[in-house]
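There are 2 protein chains.
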Amino acid sequence: MPTISDVARKAGVSTATVSRALNGKSSVDPVLVSRVRIAAEELGYHPNALARNLRRQETAVLALIISDVENPFFTSIARGVEDVAQTAGYSVVLCNSDENADKERRYIDVALQERVAGVILSPTGLSSGIERLRQRGTPVVAVDRPLAGHGTDQVLVDTRLAAREATEHLIAAGYRRIGCVTGPSGIRTADDRLAGYRDALSAAGLAPRRERRAAYRAAGGREAARKLLDAPHPPDALLVANSAMAIGVLEELAAAKLRPGRDVGVVAFDDVPWASLIDPPQTVVAQPAYEIGAEAARLLLARIADPARPPEARTLAARLVERGSSRRAPV
Amino acid sequence: MPTISDVARKAGVSTATVSRALNGKSSVDPVLVSRVRIAAEELGYHPNALARNLRRQETAVLALIISDVENPFFTSIARGVEDVAQTAGYSVVLCNSDENADKERRYIDVALQERVAGVILSPTGLSSGIERLRQRGTPVVAVDRPLAGHGTDQVLVDTRLAAREATEHLIAAGYRRIGCVTGPSGIRTADDRLAGYRDALSAAGLAPRRERRAAYRAAGGREAARKLLDAPHPPDALLVANSAMAIGVLEELAAAKLRPGRDVGVVAFDDVPWASLIDPPQTVVAQPAYEIGAEAARLLLARIADPARPPEARTLAARLVERGSSRRAPV
DNA sequence: TTGTACGCGTTATCAA
DNA sequence: TTGATAACGCGTACAA
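As given, the protein sequences belong to chains D and U, one line each in that order. Quick note: the first sequence uses the UniProt record's numbering, first residue 1, plus one each step. Quick note: the second sequence uses the UniProt record's numbering, first residue 1, plus one each step.
Here's what the structure looks like:
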């Protein structure tokens, strides 16, 4: 592990000159520059980022804290963030909070301790850790879910409206006993999608509601669907708030010999790659995940560059993609 | 951004005592400990990991460099790594090399500069960057694909054998014109799966081979499938080397009105969550992705603890999961 | 243009 | 048990 002074010694110059030569800041004699370059190369010298950042009081790394690495929605966001960050010379550290407030707090602590330049996160809940970021002045951008208290940059989707439109689409298709499978209370997207569902039902004068909450995972969807189907007046259609849950729901429907688009209408959030592959193809609410990530990264970089700029909240629109699962078979 | 000396001043002790109190190393007067704790809390003190690591000459972060964040196989690996690392007090930095040697090299550089404690990676190709890690003495574990030159810890899958068995399964089902859709030349898994396919064909005395390489993505699968299907004697079954490619292949088959398990047999690598959801359910080669990650993390931690221990290469087995897509309809 | 010397925030050594 | 102090490796005033 050669240091800058090893290089200096080998090149016959001072450490200051090595630093300047390698960073191309101040003007250095071209002859010395190449001597330094060669020495560094021969020694296999890699500048110590720890020391450099300690000295510079800044890091070129962004932390992205998402709630589920296995959810394609979030990995698409990650790609968006990465592409933008990359071109600006930043690295991205991906952290998986696993929809767990404790893990989220731990990762925020790590981000704080590592002195990352900024944080992008999809808040798990009320998110206590966030205040410490604010207090330390670390730039933060919330994605997918809003952060309580204003003054935060955010990139969200009008998910309540999207849920309402999806439900209205089911109503328009002729379904009348529409149910909703959503995530845990407290997770904003889960609450908003449920609210949108209720909006549509109320507007259409439909009752009663058939609602079920469960974990944002396949097992949760399976469980919720089973309970809904076992109830006295089971739903004839389902709005599912998350693609992982949709897997469980579809499994449960198959087990009950209920075919989507014929026996029961189904619309699920997120246009995953396999949505058009299943039979029948799945009607989905497509969220612009990649763009959310890219936009969040842009916002974060802008704030790092100018901490005083007014906070921005961008809301992107989702798009209903109609496929076979929400059709209603002729009676 | 309060420092350790702010805390020391406020608690009326030396910085050394603060350090000791907060790290619980040496024995400190309990009274002082609580005074320090309170002072730190009130100040909102977060130790500067940069300074700490610079001093300690070590970091508690692992870098995981994978070739595709959007591939469920790799995100499962990530979870395995994370779970093991977490319990050992390490954080995991996830990097997406995107099957791109340049990006891989850049991330290896970052890992080197940030002085991470160790690296787990799925090598993109010949991987030149790796030597610099070795040379610097940074522990490395290869996953999914081997690293040229011995002396590296590795966690692999006997993917050639798995491909052979999958092909034999198709043969046993009655298919005779079996084709193979695999990834780019140079990516070891792509090469090995192709080799396994050839093994089976040779052993059964079947010819000619119907092979096609393309990018490990849906578009690649689509393109490969189309070319194979357009050929003079199109295949009656397909072995697909990757789940992303499988999406493209299935789309292409649907477009050609070819139904898996009836018109054409299909086996694909990786038991993705939706494999049993499509119609017919997809026969897959299930790789123990989570376990690969967990094992790699264990190996890495062991090497960090003891750099002198002999390198280990673990090979895990894949499992063929028979479902509908590889059945052969009665003639 | 180059070199000397200090400080970034910690932890570890050594005395007290 | 505690405190003063020297590193860790780098960037950058300041002086030459």
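Beta carbons are placed, not taken as given, at the ideal position from N, Cα and C, and that holds for glycine. Fair warning: this is a prediction, and the values are worked out from it, not measured in the lab.
Cβ pair residue i, residue j closer than 9 Å
i      : j      : result
T189/U : V69/D  : no
A173/D : R328/D : yes
A111/D : L147/D : no
A215/U : P184/U : yes
Y45/U  : L62/U  : no
V140/D : I292/D : no
Q57/D  : R115/D : yes
L250/D : L250/U : no
G186/U : G125/U : yes
V93/U  : V93/D  : yes
N48/U  : Q135/D : no
L316/D : Q287/D : yes
I77/U  : A244/U : no
D109/U : G129/U : yes
Other residues of its chain near residue i: CB distance less than 7 Å, five sequence neighbours each side excluded
i      : result
K227/D : R212
A246/U : G221, V240, A268
A200/U : R164, T167, E168, I171
Cβ-based neighbour list, residue i, same chain, cut-off 6 Å, excluding 5 preceding and 5 following
i             : result
residue 333/D : This structure does not reach residue 333/D, given that chain D is present from 1 up to 331, and the question cannot be answered.
N96/D         : V69
A11/U         : R35, V36, A39
I4/U          : T15, V18
T59/D         : N53, R115, V116, A117
P2/D          : L43, Y45
Nearest-angstrom beta carbon gap, residue j and residue i [assumed within contact, 8 Å]
i      : j      : result
A21/U  : V28/U  : 5 Å
N242/D : D270/D : 7 Å
L54/D  : L54/U  : 6 Å
E104/U : I65/U  : 6 Å
A294/U : V84/U  : 5 Å
T152/U : P307/U : Actually they are not in contact, since the Cβ atoms of T152/U and P307/U sit about 13 Å apart, beyond 8 Å.
R198/U : R209/U : 7 Å
Simplified DSSP assignment, three categories, for residue i
i             : result
residue 333/U : The structure shown does not extend to residue 333/U, since chain U is modelled only from 1 through 331, so no value can be given for it.
N48/D         : coil
E211/D        : strand
V28/D         : coil
Q86/U         : helix
T315/D        : strand
A117/U        : coil
L299/U        : helix
N23/D         : helix
S122/U        : coil
G324/U        : helix
Q154/U        : strand
I304/U        : helix
residue 360/D : Nothing about residue 360/D can be read from this structure; chain D reaches only from 1 to 331.
P260/D        : strand
V284/D        : strand
T3/U          : coil
L147/D        : coil
L239/U        : strand
V36/D         : helix
residue 336/U : Past the boundaries of the shown model lies residue 336/U; chain U is included only from 1 to 331, so the question cannot be answered.
L201/U        : helix
G186/D        : coil
G137/U        : coil
I77/U         : helix
V93/U         : strand
L112/D        : helix
Chain-order list of residues whose beta-carbon lies under 8 Å from that of residue i (same chain, five-residue window excluded)
i      : result
G248/D : R217, A218, A219, G220, G221, R222, E223, A224, A225
E322/U : H169, T283
P273/U : P72
D6/D   : L43, Y45
The stretch 216-236 of chain U contacting the stretch 249-262 of chain D, beta-carbon criterion three pairs below 8 Å: They do not touch, by the three-pair rule.
Is there contact between the stretch 153-167 of chain D and the stretch 190-200 of chain D, where contact requires at least three CB pairs shorter than 8 Å? Touching, yes.
Could you tell me whether the stretch 232-242 of chain D touches the stretch 176-184 of chain D, using the rule of 3 or more Cβ pairs below 8 Å? With three or more CB-CB distances shorter than 8 Å, the stretch 232-242 of chain D counts as touching the stretch 176-184 of chain D.
At a cut of 8 Å, does the stretch 285-300 of chain D reach the stretch 118-128 of chain D through at least three beta carbon pairs? By the C-beta criterion, the stretch 285-300 of chain D is judged to be in contact with the stretch 118-128 of chain D, since at least 3 inter-stretch pairs fall below 8 Å.
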